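Reviewing the structure listed below.
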Amino acid sequence: MTAQLETPAPPDAPPRTPHRVPLWANPRVGLVVLLVALVVLFSVLRPAFLNTRLTLTPLQSDISVYLVVGLAQLSVLSLGHMNMAVGRMAATSAFTMGLVHDKLGAGLVLSLIAGLAVGALLGALAGLIISRTGVNSFVVTLAMDFALAGLITILYSGVTGGVAFPTMPAGMSELRSDTFADYCIGDVCGPRVPLVVPFAILAALLVGLLFRFSRLGREILMTGANQRAAELSGIPTKDRIVQAHAVSGLLAALGGFLLAANNGAFSASLGDSFLLPSFLAPVLGGTLLAGGAVSVLGTALGAALTQVIYKGLNLLQFQLDQLQLYIGLVLLAALSLDRARHVLAERRGNRA
Amino acid sequence: MTLTATQRSTLPGRHLWQAPEFTLAVIAVAGFAALAVATGGNLLSAGTLGAFFRFLAVPIVIGLSQMVVLAVGQMNLSVGALTGFCAMAAAWLMLEAGLPAPLAVLAALLLGLFAGVTNGVLVVLTRINGFIVTLATMTIIQGLRYGVNGPDTFQGYSPGLREFGRASILGLPAVFLVALAVAALVALFFSRTVPGRHLLASGGSPFAARLSGISNDRSLIVAHGLSGLLAGVAAVLTVAASGSVNATIGDDLLLPSFAAPIIGGVALTGGMVSVTGTLLAAFLVRLVDVMQAQFGINPRWVDLIIGAVVLGAVLLGTVRTKLQERSD
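Here the protein sequences line up with chains A and B, keeping their order. Residues in the first sequence are numbered from 48 upward in steps of one, following my numbering. Residues in the second sequence are numbered from 58 upward in steps of one, following my numbering.
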């Protein structure tokens with residue numbers, strides 16, 4: 048599901064890479080091959096990798112969280128922007144969910160909606176500052192990250208006296224531990240898929256539809272490809288920037304909710320680990336930092352690949368330092384290969 | 058001293074008080090005076106003042122390290138991790154390999170330079186955005202940093218180096234003077250040397266630089282190499298100023314490394330640097346830190362305040378530019 052603008056670049060824009068790349072040069076195909084190869088490798092080295100209950104089910108929960116977090120970053124990468132506050136936005140939203148439940152006694156759905164709303168508002172605020180002042184998105188969201196990091200700890204210690212809410216809305220523990228196999232209609236039970244997975248799939252589908260078919264999504268991509276051209280074409284680019292950042296905040300909040308469901312608590316440190324994976328998934332999947340093009344399917348594959356590597360190296364009992372070392376090396380290798388493929392494809396295209 | 062490729066500061070019609078650094082300097086002096094009064098003069102006592110400047114050294118150098126890559130329009134996310142890794146490597150060389158302190162210091166600097174050049178070469182060879190390349194190398198270096206000594210702490214290394222970390226010259230800590238000297242060298246590099254001017258030209262407009270016969274690739278490698286070298290300097294200062302190092306060194310340096318140049322008025326788009334601005338901004342951030350310690354405020358408020366200050370400084374800069382454009 049790649050959404051890319053096929054409008055010709057205006058004459059004063061730098062030449063863009065050609066849109067038609069052969070199948071073998073498609074980064075998604077490379078990712079699938081790499082993913083399959085790694086799963087086979089890990090299964091051969093450690094048969095426990097294929098254990099459904101111990102490995103595959105938690106793996107699906109992890110992929111769900113980081114797919115949504117990757118999509119949060121993807122929404123602003125579409126503009127050529129960054130969201131450095133993705134983790135803190137998630138943490139602030141999770142705080143709201145905990146607050147609404149713990150102090151006001153709201154249920155799961157209401158807490159979730161309140162949290163998502165706060166996430167979207169934070170994103171919109173970042174977008175508003177960026178579009179009204181013209182300050183680089185990196186700076187604005189970095190400053191926001193600083194500010195929210197301070198705010199979250201103060202809020203938690205003020206409201207809960209600690210770093211986490213003592214209670215969770217009813218239904219959160221089911222989201223954490225149950226799979227569809229626990230729900231049967233007669234003799235037919237569901238697959239061993241955690242309950243959080245549909246949230247991520249739904250989010251991915253909606254984001255894909257947004258960027259592929261909706262007017263809003265296309266106009267966001269257009270703004271990302273060339274803001275001035277978009278402006279001249281009558282697109283309210285400032286509004287589009289605010290909306291893209293709001294979507295990013297909303298998805299960050301959803302990612303925070305899913306992680307809280309997996310961890311079993313709304314805590315202050317939630318989202319600390321979001322920043323690096325949020326870039327890894329979309330970038331591995333072929334989404335550019337320059338804006339104007341996104342790949343939702345690639346993001347899903349990128350998220351799956353990173354989590355498979357983490358899980359596999361964990362099972363092979365790698366230490367923390369080696370884990371980081373290999374993740375970094377794999378990232379560099381994957382990106383360099385991708386680049387090499389592109390160069391080759393371009394060269395071949397020129398000759399033909 | 059704001060230096061751009063076109064040397065904006067020499068254009069007619071610009072007064073000293075219009076320079077962004079002037080506002081910063083006023084705020085810094087006012088803030089320092091206010092804090093001195095509020096603490097009843099405690100800030101001016103020799104011990105407090107010494108500590109104030111001693112722990113200003115690393116933020117200055119790390120801010121410059123980020124500024125150098127910002128000058129070519131790149132970012133270096135690996136500065137913090139690299140500082141920690143070089144510090145751990147230096148301590149390991151002294152304690153485990155038994156190297157004398159000067160050699161270990163030299164090795165740490167070379168290690169930083171090597172890592173920086175590697176970043177630059179990777180950016181040039183792969184044509185991948187520097188943000189992503191250094192994100193990857195940051196992860197790798199974090200792994201290496203932890204690998205030097207696991208979760209354990211190194212302490213009790215070279216007494217000479219520790220002596221240097223504690224020493225004062227004319228009432229100012231030696232490490233702070235080293236940081237100032239490094240800042241002066243960086244300023245000189247950008248204003249007087251050919252590679253420095255090339256670097257700013259590449260950052261300002263890569264296309265124009267290429268047409269003028271400047272190798273943008275070389276500028277990228279020089280910038281990243283210099284950034285790594287400065288991270289090495291920060292590592293040496295850390296080892297000297299603090300009596301022990303462990304694998305968490307550098308974790309809290311990444312965000313301040315951006316805060317200093319950005320508050321100091323360095324644009325992320327490249328083509329300009331401001332050594333004075335970066336120095337003053339690091340001073341301001343340190344001022345907030347000391348204020349927190351003096352009044353026993355929750356340290357978390359510091360993050361909140363610094364976030365607000367970064368945003369405020371940037372907004373102020375935008376407003377000023379708009380006003381100037383209108384008056385021109």
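Cβ coordinates follow ideal geometry from the N, Cα and C atoms, glycine included. In this text, all values refer to a predicted model and were calculated from it rather than measured experimentally.
Among the options, which residue has its Cα nearest to the Cα of residue i?
i	options	result
residue 172 of chain B	B:135, B:327, B:99	B:135
residue 165 of chain B	B:271, B:292, B:302	B:292
residue 11 of chain B	B:302, B:314, B:105, B:88	With chain B covering only 58 through 385, there is no way to say anything about residue 11 of chain B.
residue 115 of chain A	A:343, A:179, A:144, A:298	A:298
residue 305 of chain B	B:116, B:357, B:200, B:183	B:200
residue 104 of chain A	A:315, A:242, A:348	A:242
residue 359 of chain B	A:223, A:217, A:196, A:251	A:196
residue 128 of chain B	B:269, B:315, B:230	B:315
residue 344 of chain B	B:78, B:111, B:79	B:111
residue 129 of chain A	A:291, A:347, A:392	A:291
residue 258 of chain A	A:151, A:109, A:340, A:157	A:340
residue 85 of chain B	B:370, B:383, B:375, B:381	B:370
residue 347 of chain B	B:106, B:82, B:83	B:106
residue 152 of chain B	B:307, B:328, B:296	B:296
residue 82 of chain B	B:340, B:148, B:229, B:356	B:340
residue 118 of chain B	B:378, B:238, B:349	B:238
residue 212 of chain A	A:350, A:164, A:148	A:148
residue 214 of chain B	B:269, B:154, B:180	B:154
residue 338 of chain A	A:289, A:385, A:382, A:269	A:269
residue 240 of chain B	B:383, B:147, B:364, B:334	B:334
residue 243 of chain B	B:361, B:217, B:122	B:122
Among residues of its own chain, excluding the 5 on either side of residue i, which ones have a beta-carbon nearer than 8 Å to its beta-carbon?
i	result
residue 238 of chain A	226, 227, 228
residue 345 of chain A	49, 74, 75, 78, 329, 331, 332, 333, 334
residue 373 of chain B	80
residue 224 of chain B	230, 231
residue 324 of chain A	113, 116, 117, 350, 353
residue 384 of chain A	77
Short of 6 Å in beta carbon distance, which residues of its chain neighbour residue i, apart from the five on each side in sequence? Order them along the chain.
i	result
residue 338 of chain B	317, 320, 321
residue 176 of chain A	187
residue 65 of chain B	For residue 65 of chain B, the predicted structure reports a pLDDT of 45, less than 50, and the residue's modelled location is therefore unreliable. A value from the coordinates is still provided. Nothing listed; no residue qualifies.
residue 267 of chain A	125, 287, 291
residue 100 of chain B	92, 93
Should residue i be labelled buried (16 or more other beta-carbon atoms within 10 Å of its own) or exposed?
i	result
residue 122 of chain A	buried
residue 257 of chain B	buried
residue 236 of chain A	exposed
residue 394 of chain A	exposed
residue 113 of chain A	buried
residue 354 of chain B	exposed
residue 156 of chain A	exposed
residue 184 of chain B	exposed
residue 313 of chain B	buried
residue 78 of chain B	buried
Would you please state the rounded distance, in angstroms, between the beta carbons of residue i and residue j? I believe it to be under 8 Å.
i	j	result
residue 376 of chain A	residue 89 of chain A	About 17 Å; that fails the 8 Å criterion.
residue 33 of chain B	residue 265 of chain B	Shown here, chain B extends from 58 to 385; a query on residue 33 of chain B therefore has no answer.
residue 355 of chain A	residue 97 of chain A	12 Å between Cβ atoms; not a contact.
residue 428 of chain A	residue 326 of chain A	For residue 428 of chain A there is no data in the structure shown, the boundaries of chain A being 48 and 399.
residue 271 of chain A	residue 125 of chain A	5 Å
residue 154 of chain A	residue 223 of chain A	Actually they do not touch by this definition, with Cβ atoms about 17 Å apart.
residue 134 of chain A	residue 322 of chain A	5 Å
residue 349 of chain A	residue 117 of chain A	6 Å
residue 311 of chain B	residue 137 of chain B	4 Å
Keeping to the same chain, check which residues put their C-beta closer than 7 Å to that of residue i; ignore five residues upstream and five downstream.
i	result
residue 274 of chain A	284
residue 169 of chain A	136, 139, 296
residue 390 of chain B	Nothing can be reported for residue 390 of chain B, as the shown portion of chain B is limited to 58 through 385.
residue 141 of chain A	162, 303, 304, 307, 313, 317
residue 169 of chain B	139, 143, 285, 286, 288, 289, 292
residue 189 of chain A	131
residue 300 of chain B	212, 219
residue 327 of chain B	127, 128, 129, 130, 260, 261
residue 95 of chain A	101, 102, 362
residue 384 of chain B	none
residue 89 of chain B	344
Verify the contact flag: residue i, CB atom, against every heavy atom of the ligand ATP, threshold strictly below 7 Å.
i	result
residue 304 of chain A	Within the structure as shown, the ligand ATP is missing, as the structure has no ligands at all.
In chain order, which alpha helix (DSSP H) runs of at least 4 residues are fully inside the stretch 97-136 of chain A?
Taken in chain order, the complete alpha helix (DSSP H) segments of 4 or more residues contained in the stretch 97-136 of chain A are 104-124.
Give, in chain order, every unbroken run of the alpha helix (DSSP H) that is at least 4 residues long and sits entirely within the stretch 166-213 of chain A.
Contiguous alpha helix (DSSP H) elements confined to the stretch 166-213 of chain A occur at 184-206, taking only those with 4 or more residues.
4 or more residues per run - each alpha helix (DSSP H) lying fully within the stretch 296-358 of chain B
Unbroken alpha helix (DSSP H) stretches of 4 residues or longer found wholly inside the stretch 296-358 of chain B: 311-320, 332-352, given in chain order.
Taking Cβ-Cβ distances below 7 Å as the criterion, which residues of the stretch 310-329 of chain B are in contact with chain D?
No chain D appears in the structure shown, which is made up of the protein chains A and B.
Please specify which runs of the alpha helix (DSSP H), each continuous and at least 4 residues long, are wholly inside the stretch 219-305 of chain A, giving them in chain order.
The stretch 219-305 of chain A contains these whole alpha helix (DSSP H) runs: 219-224, 244-260, 262-272, 274-279.
Please specify which runs of the beta strand (DSSP E), each continuous and at least 3 residues long, are wholly inside the stretch 322-350 of chain A, giving them in chain order.
Runs of the beta strand (DSSP E) inside the stretch 322-350 of chain A: 340-342.
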